[in-house]
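According to our numbering, the stretch in the sequence shown is residues 242 to 899, in order.
The C-beta atom is built at its ideal place from N, Cα and C for all residues, glycine as well.
Model, not experiment: these values are computed from the prediction.
Data block below; observations after.
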Amino acid sequence: MADIEYDAGDASALSDALRTADGVLRGQAGKRSGAVTTGPQDFSGAYAKRFQDAAVIEAEDRGKLAGVLADFADDIDAVSRQAVEERQRISDHDAWKQREAQRNAFVQASGGGVAGVAVPLWEFVTDREPSTTPITPKPLTAAFHARQRPHSAGGDGSGKSSADPTHLRTFVSTTRSADGAADAELQRLQTAWSTFTASCGWAVVDGQSALSGFRQYLQHNESDCTWSEHVATAFEKAGGAGALPDMVLAVATNGRTPPVLDALFAEGLTPAEVAKRWAALGLSKADAPALRALPQSVLEKLGNLEGVAYWARDTANRSVLGLRIDQLESQLATAQTGSAWSGQYGTPFQQQIASLEKELKALLNIEATLGKKASGERHLVSLTDDVPPLAAVSVGDLDTAKNVTWAVPGMNTTTADMSSWTRAAQNIYDRQKLADGDSDRAVISWIGYETPGETTVLGMDKAEAGAEKLAASVHGLDAVRADGMPTTNIVAHSYGTTTAGVALSRSDIHVDRFVALASAGLPDAVDSADDLHAGEVYAGQARNVLFDEGGKGDEWATVGRSFSHGHHVDPSKPAFGATTFGANGGSGLEGNALQAVRHHDPLHADGAGYLDSGTETLYNVAAATTGHDEKLTPSDPIPMTKRDQLLLDAGGYEEGSR
Numbered sequence: 242m243a244d245i246e247y248d249a250g251d252a253s254a255l256s257d258a259l260r261t262a263d264g265v266l267r268g269q270a271g272k273r274s275g276a277v278t279t280g281p282q283d284f285s286g287a288y289a290k291r292f293q294d295a296a297v298i299e300a301e302d303r304g305k306l307a308g309v310l311a312d313f314a315d316d317i318d319a320v321s322r323q324a325v326e327e328r329q330r331i332s333d334h335d336a337w338k339q340r341e342a343q344r345n346a347f348v349q350a351s352g353g354g355v356a357g358v359a360v361p362l363w364e365f366v367t368d369r370e371p372s373t374t375p376i377t378p379k380p381l382t383a384a385f386h387a388r389q390r391p392h393s394a395g396g397d398g399s400g401k402s403s404a405d406p407t408h409l410r411t412f413v414s415t416t417r418s419a420d421g422a423a424d425a426e427l428q429r430l431q432t433a434w435s436t437f438t439a440s441c442g443w444a445v446v447d448g449q450s451a452l453s454g455f456r457q458y459l460q461h462n463e464s465d466c467t468w469s470e471h472v473a474t475a476f477e478k479a480g481g482a483g484a485l486p487d488m489v490l491a492v493a494t495n496g497r498t499p500p501v502l503d504a505l506f507a508e509g510l511t512p513a514e515v516a517k518r519w520a521a522l523g524l525s526k527a528d529a530p531a532l533r534a535l536p537q538s539v540l541e542k543l544g545n546l547e548g549v550a551y552w553a554r555d556t557a558n559r560s561v562l563g564l565r566i567d568q569l570e571s572q573l574a575t576a577q578t579g580s581a582w583s584g585q586y587g588t589p590f591q592q593q594i595a596s597l598e599k600e601l602k603a604l605l606n607i608e609a610t611l612g613k614k615a616s617g618e619r620h621l622v623s624l625t626d627d628v629p630p631l632a633a634v635s636v637g638d639l640d641t642a643k644n645v646t647w648a649v650p651g652m653n654t655t656t657a658d659m660s661s662w663t664r665a666a667q668n669i670y671d672r673q674k675l676a677d678g679d680s681d682r683a684v685i686s687w688i689g690y691e692t693p694g695e696t697t698v699l700g701m702d703k704a705e706a707g708a709e710k711l712a713a714s715v716h717g718l719d720a721v722r723a724d725g726m727p728t729t730n731i732v733a734h735s736y737g738t739t740t741a742g743v744a745l746s747r748s749d750i751h752v753d754r755f756v757a758l759a760s761a762g763l764p765d766a767v768d769s770a771d772d773l774h775a776g777e778v779y780a781g782q783a784r785n786v787l788f789d790e791g792g793k794g795d796e797w798a799t800v801g802r803s804f805s806h807g808h809h810v811d812p813s814k815p816a817f818g819a820t821t822f823g824a825n826g827g828s829g830l831e832g833n834a835l836q837a838v839r840h841h842d843p844l845h846a847d848g849a850g851y852l853d854s855g856t857e858t859l860y861n862v863a864a865a866t867t868g869h870d871e872k873l874t875p876s877d878p879i880p881m882t883k884r885d886q887l888l889l890d891a892g893g894y895e896e897g898s899r
């Protein structure tokens, strides 16, 4: 007997699974509604609106999906009834065909006699053939498509949103629990559907997107959970509940910078243009905790962007500093483990370890520098990804200081000993207060360029590259403080004077005062102080001595000036036109004794470096950079030294070269 391909048991199992899933989804209404009520507690602003919009779509889609599943179950039951009817039709027709065959056989056997034909003839008339038209099953259609949820705040990203991360995490936990139960039903449905389609070929499937739509619905729910977790994490990084800028949340939730930050980071902007776009964000120092929620890649850009407020750069750079230290310590531990097991192949690991240790040493030194207790708050205003990194630490607040000084170092100065150069900057800062009494000042320990080593100190390459970066730093302050410019100074030591000299010879840069200490030579193109774009130029030089006279004066500055390729100019010579001051010991205006400088170093163990706390040069640097020229000690004639005698004997002595 003919039959149709339709397993009623499998069809019933599918409709039961559909109704169970419908019931589970409808039964979750209260649980999910409670989670939606809890999540947005203390949540306000554009991102709270996105949360509520997503919740509305979820509830509507869940109700629609449940209805589609229930209707699908009804349709399958209807097809099952049609299958019963079709099987009955087929059975009836097969039975009729058997009877018809029997009648035909009887008539033939009777030879066509009237008496023999009477009964079958009657049956021929009354036993009508059942329908020969197969029943067409109702086409099965179950269409559902889950809608996308809005997660972007929209607008220009300049608003703020507030939230309690604890409530958001409660929402996530509840939602994922409900989704777990719903997913279990979806798994049952998919199994039942696969079985149904394999055993019920008679059914006509006109379209079935309900199960894929169910999966989409759960995926969108997970997207909501992930989004909410990112929002919660952003608030946690910022210290908990409160308000966060929408642009911070945009990065945290979408993993990409919003248009307002893309505009800020656009290539080719001047510091002034950056400052204008930064101001448009409407952020203040109170938003510093919020910036910590930004990803490392964004913080690295923000922390080194000239034109951005210094409080924001400090926040970004400190965060990056901590992250890099953690990352390097982890990488170093891994490399050391690899080295221990590598045997004869350990050399690459040792090289990697050496590089990691070099970078980590610098970062840890920068971290220690920021943590030191000293007068004046410290800020990390730049931190590059070089190895070792370049960095700048300000002693004092650059956003408010009325007097700002860049301290520019010379040869072999790296961030591996950031604390040492910052100690020199701290000495300037402390002495400035003694000279002027105004505490509203800042001194930048600026290791913002790659200083030369012994093999490159006589050339100009490092100075020219460093001058670009120093000029950019000056332009950055000009942009940030455009509405209230402070007095600006550059104090440079040794090759730092070469670098500063290149920068100040540019027409687009200007500072109020430039102080050259132990100059390794200004660029040859700088003929006089008038060629530098500084309101006042000062120079301090200890007596020049030979190497075997160590501890009696400066044994290196004259080497740089005499043997260089491109920086021979001595700013301490009278002909140059700078205001010179004493360096070889004397008394300050207040009658206090001042230590003579006996080394080329900015700091020395015996306290007789150019920027050591008791020296005559530090006293004069403070007086010069605070506008107290009346306090400067004179550069008295220097007694004849062995070096002077040698030069005199050789006929190479020049007036003022001492």
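Span of the beta strand (DSSP E), counted from its first residue to its last, around residue i
| i | result |
| --- | --- |
| Thr729 | Thr728 to His734 |
| Ile688 | Arg682 to Ile688 |
| Gly829 | From DSSP, Gly829 is part of no beta strand (DSSP E); its letter is neither H nor E. |
| Val634 | Ala632 to Val636 |
| Arg619 | Arg619 to Leu624 |
| Arg754 | Val752 to Leu758 |
Counterpart residues of residue i in DSSP-defined beta bridges
| i | result |
| --- | --- |
| Ser403 | Ser285 and Ala484 |
| Asp244 | According to DSSP, which records beta bridges pairwise, Asp244 is partnered with nothing at all. |
| Asn785 | Asp795 |
| Gln449 | Ala383 |
| Trp647 | Ile685 and Ile731 |
| Val810 | Leu763 |
| Tyr779 | Val756 and Thr820 |
| Glu547 | Val549 |
| Gln593 | According to DSSP, Gln593 bridges with nothing at all. |
| Thr856 | Gln836 |
Spatially closest choice to residue i from the options, by CA coordinates
| i | options | result |
| --- | --- | --- |
| Asp312 | Gln282, Glu341 and Leu381 | Leu381 |
| Ala529 | Pro406, Asp555 and Thr625 | Asp555 |
| Asp771 | Leu745, Ala761, Gly794 and Gly762 | Leu745 |
| Arg962 | Ala632, Leu835, Val636 and Arg518 | Since the first residue shown for the chain is 242 and the last is 899, residue 962 is missing from the structure and cannot be characterised. |
| Asp870 | Phe284, Gly850, Leu830 and Ala837 | Leu830 |
| Trp662 | Leu675, Ala676 and Trp647 | Trp647 |
| Leu306 | Arg417, Ser828, Glu426 and Ala666 | Glu426 |
| Pro815 | Gly651, Gln782 and Ser828 | Gln782 |
| Glu857 | Thr867, Arg839, Ser525 and Ala846 | Arg839 |
| Ala384 | Gly448, Ala336 and Ala404 | Gly448 |
| Leu763 | Gly807, Lys793 and Asn785 | Gly807 |
| Gly641 | Lys517, Val684, Glu705 and Ser805 | The sequence given here places Thr at residue 641; Gly does not occur at that position. Comparing Cα positions, the closest option is Val684. |
| Thr821 | Asn653, Leu573, Asn558 and Thr874 | Thr874 |
| Met652 | Asp248, Ala834, Trp797 and Ser414 | Trp797 |
| Ser803 | Ser760, Gly818 and Asn825 | Ser760 |
| Gln568 | Leu604, Ala865, Arg747 and Asp842 | Leu604 |
| His461 | Thr432, Val445 and Val413 | Val413 |
| Ala689 | Gln667, Thr655, Leu718 and Phe437 | Checking the sequence, you will find Gly at residue 689 rather than Ala. Nearest option by C-alpha distance: Thr655. |
| Lys982 | Arg429, Gln457 and Ala475 | Look at the range of the chain in this structure, 242 to 899, and you will see that residue 982 is not part of it. |
| Phe506 | Val539, Arg344 and Gly827 | Val539 |
| Gln428 | Ala258, Tyr860 and Glu790 | Ala258 |
| Gly230 | Ala336, Thr416 and Ala423 | Within the shown structure, residues of the chain are numbered from 242 to 899, placing residue 230 beyond reach of any answer. |
Anticipated Cβ contact below 8 Å, residue i with residue j, distance rounded
| i | j | result |
| --- | --- | --- |
| Val732 | Val767 | Actually they are not in contact, since the Cβ atoms of Val732 and Val767 sit about 17 Å apart, beyond 8 Å. |
| Val309 | Pro378 | Not confirmed; about 19 Å, so no contact. |
| Asp283 | Asp420 | At roughly 24 Å, the Cβ-Cβ gap does not stay under 8 Å, so Asp283 and Asp420 are not in contact. |
| Thr729 | Val645 | 5 Å |
| Trp434 | Leu452 | 6 Å |
| Leu573 | Ile607 | The Cβ separation is near 17 Å, so there is no contact. |
| Val515 | Glu547 | 7 Å |
Residue range of the unbroken alpha helix (DSSP H) whose run includes residue i
| i | result |
| --- | --- |
| Thr656 | Run containing Thr656: none; DSSP gives neither H nor E here. |
| His716 | Asp702 to Val721 |
| Val515 | Pro512 to Ala521 |
| Pro500 | Pro500 to Leu505 |
Interface flag, residue i vs chain B, CB-CB below 7 Å
| i | result |
| --- | --- |
| Asp768 | You won't find chain B in this structure, because it holds only one protein chain. |
Quick check: the region 454-472 against the region 490-507, are at least 3 beta-carbon pairs closer than 8 Å?
yes
Using 8 Å as the cut-off, can you tell me whether the region 386-396 makes contact with the region 284-296, which would need three or more C-beta pairs spanning the two stretches below that distance?
yes
Under 8 Å, with one C-beta from each stretch per pair, do the region 679-695 and the region 849-861 reach the 3-pair mark?
no
At least three beta-carbon pairs within less than 8 Å, the region 327-340 to the region 478-485:
no
Taking contact to mean at least 3 C-beta pairs separated by less than 8 Å, is the region 552-566 in contact with the region 522-541?
yes
Counting Cβ pairs, one atom from each stretch, are 3 or more of them under 8 Å apart for the region 424-443 and the region 369-377?
no
Inspect the CB distances between the region 702-711 and the region 669-686 and report whether three or more fall short of 8 Å.
no
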